[in-house]
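These notes concern the structure reproduced below.
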Amino acid sequence: PRLTEELIRKRAEHNDGVLPDLEEIALHQQELEGIDNLEACCRHIKILLLQNNIIPKMEGLNKLKELEYLNVALNNISMIEGIEGCESLKKLDLTVNFVSVEELQASVYNLKANIKLEDLYLTGNPCEDWPGHRLYIIAHLPQIKQFDSKLVLPNERIKARQQLPELQKDLDRAIEAHLAKKAAEAGQPVSEGAYTKESRNEMYIEMAEQKEEKERNERRRMGTEAKKPREAPGIYNARGEIRQCNEGKWDFNLDDATDPTKVIFELGVPKYLDTSALDVDVNPEYIRVVVKDKVTQLKLPAEVRPDASKVQRSRTTGMLRVDMPLVDPRPTRTQAAEPQPELKPLEPDKRPVATPARPQGGAVSVRGIYQDPRRVVKDRPGELLREVKTMRTAHDAADDDDDDEIPPLLEPSRGDGQR
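All the letters of the sequence shown, read from the start, carry residue numbers 1 to 419 under full-length UniProt numbering.
Okay, here's the thing in structure tokens:
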């Protein structure tokens, strides 16, 4: 794997995971294949340990101006490069890599820019097969004080400078011999057990698989094995209709009657649930809310405008509220009511006249029912007061009694009154 910021933070526990001021980090035995993220997050790193990985190339280190010690032992590096900008570099460890005589000259030239470099390790590299590699490096890098754990003596440095022309010719011959040997071996099967980049990659892949299997068994034994992520239900069901579900069994309310211009959706999520755990998706025809991998999805009664929708959450109860304006708001009752026709009083000659009638038990008759502007009920416009008047008919004008068959009342005796 490549070096990621997450891994860097994990390995920076001694600094509380803070990266900007991190000065030392150990990233050994992580099966790393690249180191291209350190420049962005660890500018002040001074000690960087990357040994025992499968890094094929030195990259992503050129901007580490404060780096003093770099350990890339036991990797797949074949050329020293990418560290010319490390102005403070004092110690470089490339033990057991793949720097050959073919790449030795270019590697030494790249190290000339590191004027503070004092300690260099190339033990276990193919360039050791050439006997003059030590004197050649000492002659070109006068700043080196120790090479492969041995101090560079003054007489050795003088000897290296004197023999440099011969050393260069000898190096050219060694490079030609190396290339010829490589061409002769091309196409031939590699002997079993040979130490090559390919064999190291295979070995580390196998080690990574074993490590992962061991960790998986340990998690299974402890009951902390990570479960497979649950697949969320789709928007539509098998019939092609919008799915309606409430997997979290939350209390909810979908209101389209309170306000005729919008639809209001409320979901009773837990009060102390972090808002980052909520995912709200408003669509013209449905609303979908995901709470802790539980989906609540409802079909809306009318088409809404997602771009104008507003999502809020109560600080006291934690209630989630979504206001969704309608595309075509419904008219209100006031707007929908038809205007009442204006009532006018009838003219006197057009007022209806009641037909005289004799009801049972009395001479009561309705003379007329008409609209009088003065008698209009204020609270209920248009409703009229009906005036009922009694009148005596011509048949009953001479008879004031109720009926002829009923005998008259007896009058009191006058004799008693005289006494």
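In this text, a Cβ means the ideal position worked out from N, Cα and C, and glycines have one as well.
All values reported here derive from a predicted model rather than from experimental measurement.
Residues in its own chain within less than 7 Å of residue i by CB, not counting five upstream and five downstream?
{"i": "Gly-82", "result": "Met-58, Glu-59, Leu-61, Asn-62"}
{"i": "Asn-283", "result": "Pro-306"}
{"i": "Val-311", "result": "Val-280, Val-322"}
{"i": "Tyr-204", "result": "Glu-31, Ile-54"}
{"i": "Ala-113", "result": "Glu-84"}
{"i": "Thr-261", "result": "Pro-325, Leu-326, Pro-329"}
Kindly indicate which residue of the options has the alpha-carbon position closest to the one of residue i.
{"i": "Asp-259", "options": "Ser-88, Leu-122, Asp-323, Ala-238", "result": "Asp-323"}
{"i": "Asp-293", "options": "Pro-301, Ile-8, Tyr-286, Ser-276", "result": "Ser-276"}
{"i": "Gln-143", "options": "Cys-127, Asn-125, Lys-116", "result": "Lys-116"}
{"i": "Thr-196", "options": "Arg-239, Ile-235, Asn-125, Glu-303", "result": "Asn-125"}
{"i": "Ala-73", "options": "Ala-26, Leu-38, Ser-88, Arg-173", "result": "Ala-26"}
{"i": "residue 424", "options": "Asp-148, Leu-320, Ser-309", "result": "The requested residue 424 does not occur in the structure, where the chain is confined to residues 1 to 419."}
{"i": "Glu-118", "options": "Ala-208, Asn-97, Phe-147, Trp-130", "result": "Phe-147"}
{"i": "Leu-19", "options": "Thr-261, Asn-37, Glu-212", "result": "Asn-37"}
{"i": "Ala-106", "options": "Asn-75, Ser-149, Lys-159, Ile-175", "result": "Ile-175"}
{"i": "Pro-131", "options": "Leu-141, Asp-170, Asn-97, Gln-162", "result": "Asp-170"}
{"i": "Asn-246", "options": "Val-269, Ile-35, Pro-229, Thr-317", "result": "Val-269"}
{"i": "Cys-127", "options": "Asn-97, Leu-141, Leu-153, Leu-111", "result": "Asn-97"}
{"i": "Leu-141", "options": "Ser-149, Asp-129, Arg-161", "result": "Arg-161"}
{"i": "Ile-35", "options": "Asp-21, Pro-56, Glu-23", "result": "Pro-56"}
{"i": "Arg-2", "options": "Glu-24, Glu-33, Glu-23, Gly-17", "result": "Glu-33"}
In angstroms with no decimal places, state the Cα-to-Cα distance between residue i and residue j.
{"i": "Cys-42", "j": "Leu-64", "result": "8 Å"}
{"i": "Lys-90", "j": "Glu-68", "result": "5 Å"}
{"i": "Arg-9", "j": "Glu-103", "result": "35 Å"}
{"i": "Ile-242", "j": "Leu-298", "result": "8 Å"}
{"i": "Gln-168", "j": "His-14", "result": "47 Å"}
{"i": "Leu-151", "j": "Arg-157", "result": "11 Å"}
{"i": "Glu-198", "j": "Ser-78", "result": "13 Å"}
{"i": "Ala-177", "j": "Glu-218", "result": "52 Å"}
{"i": "Glu-66", "j": "Glu-185", "result": "43 Å"}
{"i": "residue 422", "j": "Asn-75", "result": "This structure cannot settle anything about residue 422, because the visible part of the chain is limited to 1 through 419."}
{"i": "Ile-264", "j": "Gly-240", "result": "25 Å"}
{"i": "Arg-200", "j": "Glu-209", "result": "14 Å"}
{"i": "Lys-46", "j": "Ser-100", "result": "28 Å"}
{"i": "Met-222", "j": "Leu-7", "result": "24 Å"}
Assign residue i to buried or exposed, taking buried as 16 or more other Cβ atoms, counted over all protein chains shown, within 10 Å of its Cβ.
{"i": "His-133", "result": "buried"}
{"i": "Tyr-109", "result": "exposed"}
{"i": "Arg-288", "result": "buried"}
{"i": "Pro-155", "result": "As written in the sequence, residue 155 is Asn, which differs from the Pro given in the question. Exposed, since its Cβ has fewer than 16 Cβ neighbours within 10 Å."}
{"i": "Gly-248", "result": "buried"}
{"i": "Tyr-136", "result": "buried"}
{"i": "Gln-267", "result": "According to the sequence provided, residue 267 is Leu. The question's Gln does not apply to it. Buried, since its Cβ has 16 or more Cβ neighbours within 10 Å."}
{"i": "Leu-94", "result": "buried"}
{"i": "Ala-12", "result": "buried"}
{"i": "Ala-139", "result": "buried"}
Going by beta carbon distance, what residues of the same chain come within less than 6 Å of residue i, once the five residues before and after it are set aside?
{"i": "Arg-92", "result": "The amino acid at residue 92 is misidentified as Arg; the sequence shows Leu. Closer than 6 Å at Cβ, skipping near neighbours: Leu-70, Leu-120."}
{"i": "His-28", "result": "Leu-49, Gln-51, Asn-52"}
{"i": "Ala-183", "result": "none"}
{"i": "Glu-303", "result": "Pro-284, Val-327"}
{"i": "Cys-86", "result": "Leu-64, Leu-67"}
Strictly by DSSP, which residues pair up with residue i?
{"i": "Pro-325", "result": "Lys-262"}
{"i": "Ile-47", "result": "Glu-24, Tyr-69"}
{"i": "Phe-98", "result": "None, per the DSSP bridge assignment."}
{"i": "Lys-150", "result": "Phe-147"}
{"i": "Tyr-272", "result": "For Tyr-272, which the question treats as bridged, DSSP gives no partner whatsoever."}
{"i": "Lys-299", "result": "Tyr-286"}
{"i": "Leu-278", "result": "Val-291"}
{"i": "Ile-83", "result": "BP columns for Ile-83 are empty, so no partner."}
{"i": "Arg-2", "result": "Gly-34"}
{"i": "Leu-122", "result": "Answer by DSSP bridge pairing: none, since Leu-122 is not bridged."}
{"i": "Arg-313", "result": "Leu-320"}
Go through its chain and collect everything with a Cβ distance to residue i's Cβ below 8 Å, but skip five positions before and after it.
{"i": "Ala-232", "result": "Val-290, Asp-293, Val-295"}
{"i": "Glu-39", "result": "Gly-60, Leu-61, Asn-62, Lys-63, Leu-64"}
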